[in-house]
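Numbering (full-length UniProt numbering), first residue to last: 1 to 260.
Take a look at the structure below.
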Amino acid sequence: MWIRPLQAELSDNTLALYAPNRFVLDWVRDKYLNNINGLLTSFCGADAPQLRFEVGTKPVTQTPQAAVTSNVAAPAQVAQTQPQRAAPSTRSGWDNVPAPAEPTYRSNVNVKHTFDNFVEGKSNQLARAAARQVADNPGGAYNPLFLYGGTGLGKTHLLHAVGNGIMARKPNAKVVYMHSERFVQDMVKALQNNAIEEFKRYYRSVDALLIDDIQFFANKERSQEEFFHTFNALLEGNQQIILTSDRYPKEINGVEDRSS
1 MWIRPLQAEL SDNTLALYAP NRFVLDWVRD KYLNNINGLL TSFCGADAPQ LRFEVGTKPV
61 TQTPQAAVTS NVAAPAQVAQ TQPQRAAPST RSGWDNVPAP AEPTYRSNVN VKHTFDNFVE
121 GKSNQLARAA ARQVADNPGG AYNPLFLYGG TGLGKTHLLH AVGNGIMARK PNAKVVYMHS
181 ERFVQDMVKA LQNNAIEEFK RYYRSVDALL IDDIQFFANK ERSQEEFFHT FNALLEGNQQ
241 IILTSDRYPK EINGVEDRSS
């Protein structure tokens, strides 16, 4: 068993697990800590290493350059020892195979919801400020951005405002807003039509994905699985993700349950 986004490093009897973001770290620690400790004990017994979680990537170990290059010929010398080959043909048997068609993106962003007509109050000042920064710099500091609050506090309005802000700066940006139920419906339809690869390509190639009311993912295991993969693919590509909910993620039953 392995949890795909994690990286691991064993040092001084400590196993450090690195998660790409706090969302994944909390998910792993809350759902699989006992499983991981159990596996360590079964393999290592009393010598099982201590477990530590961190957000980030594991340090890269540098190999001394002298050890790598001392017995390797210079590039020019290597090139002289290889026989000359004819330049490869610019045509191949794949020339006539069409590339996958570019998906047609359904933005669904309501142009009427902007930052200018957002009703700001003490309960949503911070959310508005963070959303504004995302609109100005998508994929930057607030990624992912999670907007939590009760009904009527402006979460949906802010989603649309961010979408409008991004497209105002970059008209060709692929911004997709949707309710979480629509994500589930699209996934089910893709499975029924044997088109899951097209589904993945669509959602993982957007510039910004804005999903409303993710509490509806609760208890939908297959949807959670696909959403988790999409979530991580977008983060790895520095594509913006904004999620809203009237419940904190830990209160949404199973929304973070995913192991690969």
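Built from N, CA and C at the ideal position, the CB exists for glycine as well.
Cα-Cα separation, residue i to residue j
i    : j    : result
F199 : V24  : 23 Å
E181 : F217 : 8 Å
L243 : I214 : 7 Å
M167 : D207 : 10 Å
G150 : R247 : 8 Å
R22  : D30  : 12 Å
T41  : L15  : 13 Å
G152 : N124 : 11 Å
E9   : N37  : 15 Å
Secondary structure of residue i, DSSP reduced to three states
i           : result
A8          : strand
M178        : strand
T41         : helix
A19         : strand
N13         : coil
A76         : The predicted model places A76 with a pLDDT of 44, which falls under 50 and marks its position as unreliable; any figure quoted below should be read in that light. Three-state result, A76: helix.
R52         : strand
residue 280 : In the structure as shown, the chain begins at 1 and stops at 260. Residue 280 is therefore absent and cannot be evaluated.
R106        : coil
N164        : helix
Proximity winner among the options, relative to residue i (alpha-carbon distances)
i    : options                   : result
V188 : E225, Y148, S107 and A168 : E225
K58  : L40, C44 and Q7           : Q7
Y202 : A233, E221 and I36        : A233
Runs of beta strand (DSSP E) wholly within the region 185-260 (minimum 3 residues, chain order): Listed in chain order, the complete beta strand (DSSP E) runs (minimum 3 residues) inside the region 185-260 are 208-212 and 240-245.
Ranges of the alpha helix (DSSP H) found wholly within the region 110-161, counting only runs of at least 4: Whole alpha helix (DSSP H) segments, 4+ residues: 125-136.
Inter-stretch contact (C-beta, 8 Å, three-pair minimum) for the region 172-180 and the region 107-122: Between the region 172-180 and the region 107-122 there are three or more C-beta pairs closer than 8 Å, enough to call the two in contact.
Segment contact, 8 Å Cβ cut-off, at least three pairs: the region 189-196 with the region 155-166: The region 189-196 is not in contact with the region 155-166.
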